[in-house]
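Per this note's numbering, the very first residue in the sequence shown carries number 6; after that it's consecutive. Where a beta carbon is used, it is the ideal one built from N, C-alpha and C, also for glycine.
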Amino acid sequence: MQYRSLGRTGVKVSQLCFGTMAFGGDADEATSAQMFNRTRDAGINFYDTADAYAMGRSEKILGRLFVGFQMST
Numbered sequence: 006m007q008y009r010s011l012g013r014t015g016v017k018v019s020q021l022c023f024g025t026m027a028f029g030g031d032a033d034e035a036t037s038a039q040m041f042n043r044t045r046d047a048g049i050n051f052y053d054t055a056d057a058y059a060m061g062r063s064e065k066i067l068g069r070l071f072v073g074f075q076m077s078t
């Protein structure tokens, strides 16, 4: 995975962003977890979400999935 600097913060974000619009909608929590794990394995650390996605469920699912992950990039 290739990364870009996020301004002058020292944070590196993946050039690819994964959209989570399906989390909590078309994709149940188990399917969302599978997709999340695949993106993490690929080195993605940039996720798009919004409170409008599945009436806020997308953000809640993504938050639960991040618990326990060390953000190293």
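Who does residue i pair with in a DSSP beta bridge?
{"i": "S63", "result": "Bridge partners of S63: none, in fact."}
{"i": "A32", "result": "F28"}
For residue i, count the other beta carbons within 10 Å of its own beta carbon; 16 or more makes it buried, fewer makes it exposed. Which is it?
{"i": "S10", "result": "exposed"}
{"i": "R13", "result": "exposed"}
{"i": "T36", "result": "exposed"}
Thinking residue i and residue j are a contact (beta carbons under 8 Å), I'd like their distance in whole angstroms, please.
{"i": "R69", "j": "G29", "result": "Not quite, the Cβ-Cβ distance comes to about 11 Å (not below 8 Å), so this is no contact."}
Using the Cα positions of residue i and residue j, report the straight-line distance between them to the nearest angstrom.
{"i": "M26", "j": "L67", "result": "11 Å"}
{"i": "C22", "j": "Y58", "result": "16 Å"}
{"i": "N42", "j": "I49", "result": "10 Å"}
{"i": "V72", "j": "Q20", "result": "23 Å"}
Helix, strand or coil: which one does DSSP assign to residue i?
{"i": "F51", "result": "coil"}
{"i": "R13", "result": "coil"}
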